[in-house]
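Read the structure below first, then the notes.
2 protein chains.
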Amino acid sequence: MARPREFDEDEVLQAALRLFWEKGYEGTSLSDLMDATRLTKSSLYKAFGNKETLFWRVVERYQRDFLDFRHGALAEPTPRRIAERLLDGIVELHGGRVNPVGCLELNTALAGSTDSEPIRQELIRGRELFRQRLRDRFEETMAAAPLPSGMTSDDAASFVISLIQGLAVQAKGGVPPETARRVVHAALLSWPEA
Amino acid sequence: MARPREFDEDEVLQAALRLFWEKGYEGTSLSDLMDATRLTKSSLYKAFGNKETLFWRVVERYQRDFLDFRHGALAEPTPRRIAERLLDGIVELHGGRVNPVGCLELNTALAGSTDSEPIRQELIRGRELFRQRLRDRFEETMAAAPLPSGMTSDDAASFVISLIQGLAVQAKGGVPPETARRVVHAALLSWPEA
DNA sequence: AGAATTAGGGACCGATTGGTACATTATCAC
DNA sequence: GTGATAATGTACCAATCGGTCCCTAATTCT
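Those protein sequence lines, which keep their order, are chains G and R.
In this text, residue positions in the first sequence follow the numbering used here: the first is 7, and each later residue adds one.
In this text, residue positions in the second sequence follow the numbering used here: the first is 7, and each later residue adds one.
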């Protein structure tokens with residue numbers, strides 16, 4: 007009963023996703039978004055409210071479309087297989103020529119003006135939540151196969167998360183996926199059950 | 007033969023360092039710098055040229071004052087001792103309450119608008135240079151004590167660098183130094199010669 | 001006491017930031 | 001066709017961005 011949309015919301019989100027992925031939240035301006043989506047400011051604000059809610063919509067999509075491999079990884083039956091699949095997924099995510107390099111969330115969560123501090127805190131919170139899920143899964147599966155000697159499930163989770171962040175930074179720096187693969191291999195040398 | 011400076015250049019650099027460290031290059035504005043240094047824009051520009059050259063002066067200071075432990079680390083006689091001392095230094099750097107958390111260079115090198123892309127590229131270049139120095143030292147010292155089996159000096163260097171970046175990200179996320187220490191321990195489990 | 005030189009204060013610059021107001025346009029139900 | 005409704009285009013907003021210009025203030029050398 008009114009004028010219909012002239013754009014596909016999904017395509018717009020996808021375009022916005024690429025931008026935020028490349029430049030982070032603050033590095034992406036409204037005019038960048040307008041150019042990439044071919045939408046006017048009015049349409050963007052009518053459809054998504056403001057820049058921040060658009061960003062969260064994009065993050066949601068990012069997690070659904072690009073971070074889904076985490077579920078499969080967490081379902082693996084031993085710590086090493088969990089870590090392996092998680093890290094392999096990261097390498098693949100950052101390795102393709104099709105996606106922007108680095109991690110969308112990390113590119114925003116690291117630094118910026120005080121304006122976006124709440125956004126960063128929220129992203130950090132999400133990361134910590136995942137770390138806890140990973141820790142719990144290590145705890146559950148370490149009966150099936152042990153962790154490296156002297157490592158608690160908490161240590162193991164922190165170690166893997168640190169490596170994931172490190173790999174994301176490396177990817178952003180142009181390090182090729184083969185190198186990342188070798189790093190992953192190196193990291194898992196002491197993890198039992200090859 | 008002219009009017010003398012009313013400020014201490016060193017103190018100004020130190021104040022600017024803290025700012026850039028916390029917020030990265032783009033996240034730090036001229037008015038932030040003016041507030042923190044208690045200098046007017048004129049004085050800043052007269053003394054340092056512009057924001058970017060001030061930033062590089064700050065980076066120089068950062069490396070001299072906070073990254074000096076890398077020299078000692080590289081001088082160690084075995085790969086494990088090199089890695090150990092490097093990573094311990096990172097943990098200590100990011101662990102203190104006195105300094106801003108995270109890494110000054112990383113906080114700038116990760117994301118931002120296209121304006122500061124050259125700066126990011128230069129920072130990435132510097133990181134790659136250090137990676138090569140580390141690789142060369144691993145190559146030289148692996149006769150004294152071997153690397154983990156199946157790891158080349160290049161792999162080892164990439165692994166350690168990745169972990170360093172990861173730890174910096176973790177620190178920025180509020181992870182306490184004790185956790186970082188445990189991560190370092192976990193990372194070095196497979197490295198011979200304890 | 002100048003003259004020369006440099007530091008500092010402050011107004012000003014165009015460009016860009018995220019965001020809003022409003023008029024116009026297109027579509028639906030009736 | 002008409003009225004209601006919602007999408008779009010455009011002009012506009014204050015605030016901020018990095019940076020420049022010019023005038024004044026302070027110092028040393030002659």
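Don't be surprised by glycine CBs; every beta carbon is placed ideally from N, CA and C.
Practice prompt. Give a yes or no on whether the C-beta atoms belonging to A174/R and L135/R are separated by under 8 Å.
Written response: no
Worksheet item: Relative to the C-alpha of A177/G, which residue among L129/G, I96/G, R143/G and S164/G is closest?
Response: I96/G
Fill in: Secondary structure, alpha helix (DSSP H): runs of 4+ residues fully inside the stretch 33-106 of chain R
36-43, 47-54, 57-72, 75-80 and 85-101
Item to complete: Report yes if the C-beta distance between A89/G and V189/G is below 8 Å; otherwise report no.
Response: no
Fill in: Residue of G172/R, L99/R, G180/R and S164/R minimising C-alpha distance to E128/G
G180/R
Worksheet item: Would you call the CB atoms of P85/R and W197/R closer than 8 Å?
Response: yes
Practice prompt. Using a threshold of 8 Å, state whether the C-beta atoms of R143/G and L80/G are closer than that.
Written response: yes
Worksheet item: Is there a Cβ from chain R that is less than 8 Å from the Cβ of S164/G?
Response: yes
Fill in: Cβ-based neighbour list, P152/R, same chain, cut-off 6 Å, excluding 5 preceding and 5 following
P198
Discussion item. Quick check on V190/R: does DSSP put it in helix, strand or coil?
Written reply: helix
Worksheet item: By DSSP, does W27/R sit in helix, in strand, or in coil?
Response: helix
Worksheet item: To the nearest angstrom, how far is it from the Cα of R133/G to the Cα of F75/R?
Response: 30 Å
Worksheet item: With 16 other CB atoms within 10 Å as the buried threshold, where does G108/R fall?
Response: buried
Worksheet entry | Buried versus exposed call for N105/G [16 or more other C-beta atoms within 10 Å across all chains shown] | buried
Fill in: Cα-Cα separation between R63/G and H191/G, rounded to whole angstroms
35 Å
Worksheet item: Comparing alpha-carbon positions, which option in L194/G, G118/G, R87/G and D121/G lies nearest T147/G?
Response: R87/G
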